[in-house]
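Data first, discussion second: the structure below is written as structure tokens.
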Amino acid sequence: MLAQGAVRISGTIDVSAPNILNGTVSNEIPGPGGFYGGDGGFPAGLPGFGPGGGSPGASGTGGGPLSLVPNTGGSGAGGNGCGPGGGGGGAITIASSASITVDTGTIQAFGANAPGIGTCENPGPTGARGAIRLVSNS
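Right, here's the structure in full:
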């Protein structure tokens, strides 16, 4: 998001991975700019996607470089025998020619939790958090 002038955030900006499981959308889907979680399977799932994709049964780790250039979302978690791994959180850059103020709002980029499917009691691991980059002149 690029703005000329001051930016004030009073609401919620959310680029998190969706945290739902309803038969049509599953938690391995990432936020915008994030990476998919690995598919589940028996006896073990598949690794998550992205530079820090989790091995089967392991959570994803960070996405891109610490400088956030390029801004990359979180890596997906590996799936396990009970279901897919969670998708990584998304990435967002907000740049202003003046200033950025987070007033009463929030900016979120969480990875998805991966609940167990059916009678399985072992939930899948969580996708890595995404990246939030704020750039301004003051």
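4 is the number of the first residue of the sequence shown in our numbering; add one for each residue after it.
Cβ coordinates follow ideal geometry from the N, Cα and C atoms, glycine included.
All values reported here derive from a predicted model rather than from experimental measurement.
Asked	Found
Simplified DSSP state of A6, which is helix, strand or coil	strand
contact_flag[the segment 7-17, the segment 70-77] where n(CB pairs < 8 Å) is 3 or more	no
Start-to-end residues for the beta strand (DSSP E) that takes in D17	15-17
Same chain, Cβ closer than 8 Å to G8, neighbours up to 5 away in sequence not counted	S99, S100, A101
A115 versus V105 - alpha carbon distance	24 Å
Local Cβ density within 10 Å of T129, reported as buried at 16 or more and exposed below that	buried
Closest by C-alpha distance to Q11, when choosing among G89, R132, G108, A112	At residue 11 the sequence reads Arg, which differs from the Gln that was named. Selected option, being the one with the closest Cα: G108.
P46, buried or exposed, once every other Cβ within 10 Å from all chains shown has been counted against 16	exposed
For S141, the nearest candidate out of P35, I103, P87, G133 (CA to CA)	I103
G88 and G48 closer than 8 Å at C-beta	yes
Whole-angstrom C-beta distance between G44 and E31, which should lie under 8 Å	Rounded, the Cβ-Cβ distance is 12 Å, inconsistent with contact.
P35 at chain D interface by Cβ criterion, 8 Å	The displayed structure is made up of one protein chain only, and chain D is not part of it.
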